[in-house]
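*Asks:* Protein chains in written order, with my numbering: chain A, 853 to 1166; chain B, 853 to 1166.
1) Please state if the CB of residue 883/B and the CB of residue 911/B are separated by a distance shorter than 7 Å.
2) For residue 925/A and residue 977/A, what's the separation of their Cα atoms in angstroms?
3) So what's residue 1077/A in DSSP terms, helix, strand or just coil?
4) Contact criterion: CB-CB distance below 7 Å. Does residue 1135/B meet it with respect to chain A?
5) Locate the alpha helix (DSSP H) running through residue 1129/B, then write down its first and last residues.
6) Can you tell me whether residue 1089/B is buried or exposed, with buried defined as 16 or more other CB within 10 angstroms of its CB?
7) With DSSP collapsed to three states, give me the class of residue 1132/A.
8) So with Cβ pairs under 7 Å, would you call residue 1084/B a contact of chain A?
9) Name the residue from 995/B, 908/B, 1035/B, 956/B whose alpha carbon lies nearest to the alpha carbon of residue 1010/B.
10) For residue 1037/A and residue 962/B, I'd like the C-alpha separation in whole angstroms.
11) Are the stretch 885-902 of chain A and the stretch 951-965 of chain A touching, with three or more C-beta to C-beta distances below 8 Å?
12) What does residue 1130/B touch in chain A if you count any residue whose Cβ is under 9 Å from its own?
13) Which residues of the stretch 992-1005 of chain B have a Cβ closer than 7 Å to any Cβ of chain A? Give them in chain order.
14) Would you check if there are 3 or more beta carbon pairs closer than 8 Å linking the stretch 1040-1052 of chain A to the stretch 1071-1080 of chain A?
15) Compare the C-alpha of residue 1104/B against each of 1112/B, 1097/B, 1098/B and name the closest.
16) Just to confirm before moving on: does the CB-CB distance between residue 1026/A and residue 1033/A stay below 7 Å?
17) Nearest CA to the CA of residue 1081/A: which residue from 1061/A, 1093/A, 1070/A?
18) What's the gap between the Cα of residue 1119/A and the Cα of residue 995/A?
19) Under three-state DSSP, which class holds residue 1095/A?
20) Please tell me whether residue 1031/A and residue 1006/A are closer than 7 Å, where the distance is taken between their beta carbons.
21) Residue 1123/B CB to nearest chain A CB: under 7 Å?
22) Report yes if the CB atom of residue 873/A is closer than 7 Å to the CB atom of residue 915/A, and no otherwise.
23) Residue 1120/B touches chain A at which residues, Cβ-Cβ below 7 Å?
24) Output, in chain order, the set of chain A residues within a Cβ distance shorter than 9 Å of residue 1126/B.
25) When the Cα atoms are used, what is the spatial distance from residue 918/A to residue 878/A?
26) What are the residues that DSSP puts in a beta bridge with residue 886/B?
27) Counting pairs of Cβ atoms below 8 Å between the stretch 855-863 of chain B and the stretch 1151-1164 of chain A, do you hit three or more?
28) How many angstroms separate the CA atom of residue 965/A from the CA atom of residue 1004/A?
29) If you drop the 5 nearest sequence neighbours on each side, which residues of the same chain put their C-beta closer than 6 Å to that of residue 1123/B?
30) Could you check what DSSP says for residue 898/B in three-state terms: helix, strand or coil?
31) Residue 880/A and residue 913/A look like a contact to me (Cβ under 8 Å); what is the Cβ gap, rounded to whole Å?
32) Using CA coordinates, which residue listed in 909/B, 903/B, 929/B is at the minimum distance from residue 1117/B?
33) Unbroken beta strand (DSSP E) runs of length 3 or more, entirely within the stretch 933-1018 of chain A: which are they?
34) Let me know if residue 973/B comes out buried or exposed under the rule of 16 or more other beta-carbons within 10 Å of its beta-carbon.
35) State the Cα-Cα distance for the pair residue 967/B and residue 1100/B, rounded to the nearest angstrom.
36) Mind checking residue 902/A: buried by the 16 CB within 10 Å criterion, or exposed?
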C-alpha cells in the first residue's frame, strides 16, 4: 500500500506492507489526514522516530474483532496504552510508561492507506461533525488539555504566543472561557479569522504584558523566551510546544518571580467532539491546502509556515 | 418620578423623590430593566429590604461629576463598596462588609426613572451589544462566577438543576467549557433553546446521576435536596440560589461523601460583556414578556414561573 514514512529521509513508498489485525485493535482507512508541526519536527530528528508518519486523522474502521465498530467513522487518541499499569489503573492512559504513540513512538502512523489502533483509543464521530472538522479533533483536544490542567478564570488576562496550527486551536478554546485574551504572533496574514472572533492579535513588540497566564505554542526555543517574559509574577506559563532539541530558560528567575510552569500535551477527545458538535470552533478557515496522500512529499514541503495542510486518501 | 417599590407591599408610585447626585456616583436613566427571582424573593421578605426594587439594567448616565461618563450607555455592578476596607484593598469589592447593594440592601434599585450608582460599578456597553442583550449582563456575570470560583474541566460530567432564569444563563456558560452537560428541570416547555445548543434536558427522575459537579439554581430548599442527591462522592455542589428562609441539608452525609459545597454569587461584568460581544450567549429567546415600568405590578405578576420579564422606561 501507499505510505509516507521517515527513515532518516521523508519517503513515499507504494509497497509498504499492510498492517496485521492485532487483538484489541482495529484497522482503519483514513479519509483525511492533517500534518502537524510534530510530524515536521520528526523529520528533523524529534523522538528519533522511524516509520509511517502522522497522527491526525478521520477515517473508517474496516476490520475489527468487535464487529460493532466496522464501518464506523472514527477519530482516535494517539497513545496506545497497556491498560494494566498503575497509570492506566488511575485512568491516565496518555502517561502509560508502556505506551506506543501513533506516528511518533514505536507505532506506525496514519499516513498510509491503512493503519492500526487499539479500540480503546477510538471515538465515533457524530454525523453532524463532517470530515473537515473531525480531522481537527486531535489538535483541538490538545488545546482543551490546557483548560483541563489549568483553571483559567474569566477575569484573567491571557496571552497565546504563537499564531500557528496549534495556536489557532488554543485561542478558540480560551476565547470560550470569557477571559481577556490576546494572540501574539508574527503572521498578521493569518489574523483575520481571530479578529472576527473578537480576539485582539498583536506582534510581540506590541504585547500589553504582563499577563496572568501565557501559553507558549511557538514551537521554538526563542519563542519560549518571549512567552516567559510576558508572564506576571505569580503567573502561569503553559508549555505546548514539542520540538527537537533542548530549550534554555532561566529557572532562578522563575523562582524569584514565583512563576508556575505547566506542561500540557494530549487532551480529551470526547470534549473536543462536543465543542465541534456545538459549533463553537471554526476549522474551515484554517485549511491552507489539500493534497492527495500520494503527493505527500509536496504536502510536507507546503506545510511549513502554513496553517493546516490536509492529505486525502482516495 | 415613577418608581416600583416594596415597603411590605409591592407598590407603584408616581411621586418618588429623584435621587441626589452623590460624590463618586452617577445618576442613570434605565432603558431596560430585568426582573430577577431575587426581586420576587424580596417581596416575600428576603433581606428585609424596603425601597425601590431591581438590580438588572442597561441605561444611560445623565449626571456625573466626571463628565466623561455623561451620555454613556452602561451596565452596573450591584455592590457599592467602601473602597477602603481590607476586602476592598484585596480587590474583593462584592464582599466589602460596608457595601450597600442595588435594590437589595440599603440602596434604592433601578425600577425607577432615575437611580444612583458609584462610578466604580459602571461598565460601558460596547456598541455591538444591544440593550436586549446588555440587560442580561448581571445574571450572565453571576453565571460566570461559577467558573471563576470552580475549575470545571472539559472531561467532567456536570448537571445544572433548575431550568429558570439563572439556569438559562448557567447552562450557556458551562456549555462553553466542553464539559458533558445536562440541564435538569421541570419546565420542558423551556427546553428547545438549550436542546438546539446541544444540551440534553431531563426531568429529575431521568437524571443520569451521579455527576462530578452539580449546580443548584432551583431557588427552593427542595431543589437543593434534589441537586445534592446527584453529586458523586468527592464531587462538588455549587449553590447559586438565594431565597427567604433556611435550607435543610444533611451535613454528615457531606462529610461521609466528602462533597465540597461552594457558594457563588455576583460575578465579573467585563467577562460577561466579552461573551456577549463574541456572540457566545443567546439572550433573545429568554425574553418572555415586556412591560412598561408603569405596568410594573403586572410585570411582577407575570414574572413568576417565566423566564425573563423586562420592563422598559419611556
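Glycine included, every Cβ here is placed at the ideal spot set by N, Cα and C.
*Replies:* In short, the structure shows the following:
1) yes
2) 6 Å
3) helix
4) Judged by the 7 Å Cβ criterion, residue 1135/B is not in contact with chain A.
5) 1121-1129
6) buried
7) coil
8) no
9) Of the residues 995/B, 908/B, 1035/B, 956/B, the one whose Cα lies closest to the Cα of residue 1010/B is 1035/B.
10) Each residue's Cα considered, the two are about 45 Å apart.
11) yes
12) 1027, 1028, 1030, 1049, 1050, 1051
13) For the stretch 992-1005 of chain B, the set of residues with a beta-carbon nearer than 7 Å to any beta-carbon of chain A comprises 996, 999, 1000, 1003, 1005, in chain order.
14) The answer is no - the stretch 1071-1080 of chain A does not touch the stretch 1040-1052 of chain A, with fewer than three Cβ pairs under 8 Å.
15) 1112/B
16) yes
17) Nearest C-alpha to residue 1081/A: 1061/A.
18) 7 Å
19) coil
20) For the 7 Å CB-CB criterion, residue 1031/A and residue 1006/A form a contact.
21) yes
22) yes
23) 1006, 1007
24) 1006, 1027, 1030, 1031, 1032, 1033, 1050
25) Taking the CA atoms as reference points, residue 918/A sits about 9 Å from residue 878/A.
26) 908/B, 1162/B
27) no
28) 40 Å
29) 996
30) helix
31) 6 Å
32) 929/B
33) 967-970, 974-976, 1009-1013
34) buried
35) Between the C-alpha atoms of residue 967/B and residue 1100/B there is a straight-line separation of about 37 Å.
36) Flag for residue 902/A reads exposed.
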